[in-house]
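Chains as they are written, first to last, in our numbering: chain B, 8 to 284; chain A, 8 to 284. A short worksheet on the structure shown next.
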DNA sequence: TATAATAATGACTAGTGGGTCACTTGTCAA
DNA sequence: TTGACAAGTGACCCACTAGTCATTATTATA
């Protein structure tokens, strides 16, 4: 488990510098100070490694954003918090963000493509829920265009700060984008992306996460982290999953405990969904 | 020259389908029905091929857009024409557009990176000249943000139609983006990208194109195209470059003749710049 | 037709990469 | 101390790749 993390960490550095294809397993293992065979004890293949990386970081970023959107009560601050969290989360993981943008993960693995679609869809879902809450009927016709505009802002400004090492003021950037978003939401009238277009595009998010799946993830996480409040919380949550004994308040508290542990973000997101918090 | 074009065409198809790294010279030559050695009579290396492709298409796309912006007199239509031409030009070359978006040409060749920066800068220049003409002082503080917003719109909507094969209505899309752009230009007040930030980012566009350079390109083009009005025009323009004899009206007419020939777009763009048309 | 010049070929080289596996080292309970 | 099991190693395999070059085919010229 620890070895796996080491490999992921070191591989990420190399991928961000040289790209995925251009980095050999040899280089990765050398950079880790382990042997080549040892790599294959942790990962079945190079593809499995990149997949694990994508999952690991996308889960964190998505759940960061989701948590912020769900837990910001003040509608006036919501958009701002959304942008700020998003930029901040990508900034925290900028090596990953770099490879995400550089290698548009289209070419190789089919499975990766599916995975990326999935996270993309989750992201769109979050944005949609946010703008429906903020503008309601006002954006009935233009909401999908609004999503795409927001995604457009995200991508260009992300690129700006990922590839030019300039000092950056997320506060100002977020304020600036909040104003733009509000303008588009309140005054844009010409929709391009219709409901029909969306239907044509989307493949359903099939993954309705099963209890067993969450159970597995929790077990993995328990194995992966040190003795701590988080670990204890996880164990209790695992119990709760098989035989519910705690009242919602306790469950929510336990979730809050693990929320900020980097390895628990995803399960925390899934459980929040499951318990409808 | 003809062989070169064949290779570029067939290689583009494969790159769009499988990606650059994943496509071998072997595959390309098989797809062309020529031998491996033959490839190296046209290109010194695989890198030179991708470079030639990038140049070939970026030149066409950039000069399409530039021509539209420079030759649309009606300010009311300008933004619309810009968006329409841009989408249309990428659509015409959608195989190329795909590899441009897929492989974020960052990893490999250093020279490619420089080249892409160069075209990106040209694009930004065109957009800047357009919005300064349209909005003038109004966007003094927010013009760079406006550029980035426009680029954001471009990239998300490009992705939308490049990766989902849906029927698309460029007219409606352009109208929709015109409205959004106008809203942002007229009402956005919070700038994020300041003049200083731009200075920090930009490396100067060094390439002030020399007469000799243009001369070379013309000669190449002459060799590459069939006997035609375009070819004759090129020959006359070549003469004009060494010993100016024609009045501007004639030169402009000759440029108009070659403008729409796919191989002459770039030299046409350069000459328009040179003669300040 | 003969000769020179150019174009095209594909077997070959030298090298790399992902992945395997027989073997070594470390660990820990009995 | 022993022995059984897990963790770790790196030489090795094979498929494949970019690029070369001696040889052959084609074309142009005289």
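Beta carbons are placed, not taken as given, at the ideal position from N, Cα and C, and that holds for glycine.
Endpoints, alpha helix (DSSP H) assigned at residue i
i, result
"residue 40 of chain A", "Here residue 40 of chain A belongs to no alpha helix (DSSP H), and DSSP marks it neither H nor E."
"residue 73 of chain B", "53-78"
"residue 116 of chain B", "Per DSSP, residue 116 of chain B belongs to no alpha helix (DSSP H) and is neither H nor E."
"residue 81 of chain B", "Taken as a continuous stretch (DSSP letters only), residue 81 of chain B belongs to no alpha helix (DSSP H), as it is neither H nor E."
"residue 196 of chain A", "Note, residue 196 of chain A: premise wrong, no alpha helix (DSSP H); not H, not E."
"residue 258 of chain A", "255-265"
"residue 168 of chain B", "150-170"
"residue 220 of chain A", "218-231"
"residue 20 of chain A", "9-25"
"residue 275 of chain B", "272-281"
"residue 209 of chain A", "From DSSP, residue 209 of chain A is part of no alpha helix (DSSP H); its letter is neither H nor E."
"residue 245 of chain B", "236-249"
Rounded separation between residue i and residue j - CA only
i, j, result
"residue 146 of chain B", "residue 196 of chain B", "9 Å"
"residue 44 of chain B", "residue 279 of chain B", "39 Å"
"residue 273 of chain B", "residue 65 of chain A", "41 Å"
"residue 37 of chain A", "residue 188 of chain A", "47 Å"
"residue 114 of chain A", "residue 105 of chain A", "A caution first: residue 114 of chain A carries a pLDDT of 49, below 50, which makes its placement in the model unreliable, though a value can still be read off. Straight-line Cα distance between these residues: approximately 17 Å."
"residue 119 of chain A", "residue 110 of chain A", "12 Å"
"residue 71 of chain A", "residue 107 of chain B", "30 Å"
"residue 121 of chain A", "residue 47 of chain A", "24 Å"
"residue 257 of chain A", "residue 246 of chain A", "13 Å"
"residue 192 of chain A", "residue 142 of chain A", "7 Å"
"residue 34 of chain B", "residue 169 of chain A", "35 Å"
"residue 61 of chain A", "residue 178 of chain A", "27 Å"
"residue 276 of chain A", "residue 282 of chain A", "10 Å"
"residue 241 of chain A", "residue 271 of chain A", "9 Å"
"residue 67 of chain B", "residue 10 of chain B", "20 Å"
"residue 252 of chain B", "residue 216 of chain B", "21 Å"
"residue 269 of chain A", "residue 94 of chain B", "41 Å"
"residue 80 of chain B", "residue 92 of chain B", "15 Å"
"residue 208 of chain A", "residue 16 of chain B", "29 Å"
"residue 219 of chain B", "residue 157 of chain A", "46 Å"
"residue 13 of chain A", "residue 19 of chain A", "10 Å"
"residue 29 of chain A", "residue 23 of chain A", "11 Å"
"residue 83 of chain A", "residue 31 of chain B", "54 Å"
"residue 139 of chain B", "residue 154 of chain B", "11 Å"
"residue 175 of chain B", "residue 204 of chain A", "9 Å"
"residue 116 of chain B", "residue 232 of chain B", "30 Å"
"residue 172 of chain A", "residue 166 of chain A", "11 Å"
Residues that residue i bridges to, as DSSP identifies them
i, result
"residue 110 of chain A", "B:110"
Per-residue contacts from residue i into chain A (C-beta, under 9 Å)
i, result
"residue 144 of chain B", "Here the premise fails: no neighbours, minimum Cβ distance about 19 Å."
"residue 195 of chain B", "183, 186, 187 and 190"
"residue 42 of chain B", "Per Cβ cutoff of 9 Å: no residues; residue 42 of chain B is ~26 Å from chain A at best."
Amino acids of chain A, ordered along the chain, whose beta-carbon sits closer than 8 Å to that of residue i
i, result
"residue 137 of chain B", "Result: empty, since nearest Cβ-Cβ is about 17 Å, beyond 8 Å."
"residue 148 of chain B", "Chain A residues near residue 148 of chain B: none, gap ~11 Å exceeds 8 Å."
"residue 87 of chain B", "In chain order: nothing, as chain A lies at least about 11 Å away."
Residue i: contacting residues in chain B (beta-carbon distance under 7 Å)
i, result
"residue 168 of chain A", "Simply none; closest approach about 10 Å."
"residue 199 of chain A", "179, 180 and 183"
"residue 159 of chain A", "159, 160, 162 and 163"
"residue 28 of chain A", "28"
"residue 98 of chain A", "Simply none; closest approach about 15 Å."
Beta-carbon neighbours of residue i, restricted to chain B and to distances below 8 Å
i, result
"residue 171 of chain A", "207 and 208"
"residue 75 of chain A", "The contacting residues do not exist; residue 75 of chain A stays about 20 Å from chain B at best."
Under 7 Å from the C-beta of residue i: neighbouring residues of chain A
i, result
"residue 204 of chain B", "173"
"residue 152 of chain B", "183"
"residue 31 of chain B", "Here the premise fails: no neighbours, minimum Cβ distance about 13 Å."
"residue 52 of chain B", "What residue 52 of chain B touches in chain A: nothing, since even the nearest Cβ is about 16 Å away."
"residue 217 of chain B", "Neighbours of residue 217 of chain B on chain A: none; closest Cβ ~29 Å, over 7 Å."
Listed by chain order, chain B residues near residue i by CB distance under 9 Å
i, result
"residue 91 of chain A", "The premise fails here: residue 91 of chain A is roughly 13 Å from chain B at the closest Cβ pair, so nothing lies under 9 Å."
Cβ contact check for the region 161-170 of chain B and the region 118-133 of chain A: 3 or more pairs under 8 Å: no
The region 63-75 of chain B touching the region 85-93 of chain B, judged by at least three CB pairs closer than 8 Å: Three or more Cβ pairs closer than 8 Å define a contact, and the region 63-75 of chain B meets that threshold against the region 85-93 of chain B.
At least three beta-carbon pairs within less than 8 Å, the region 93-101 of chain A to the region 52-62 of chain A: no
Contact the region 196-210 of chain A vs the region 174-189 of chain B: 3+ CB pairs below 8 Å: yes
The region 218-231 of chain A touching the region 225-234 of chain B, judged by at least three CB pairs closer than 8 Å: no
Cβ contact (3+ pairs, closer than 8 Å) linking the region 236-245 of chain A and the region 263-277 of chain A: yes
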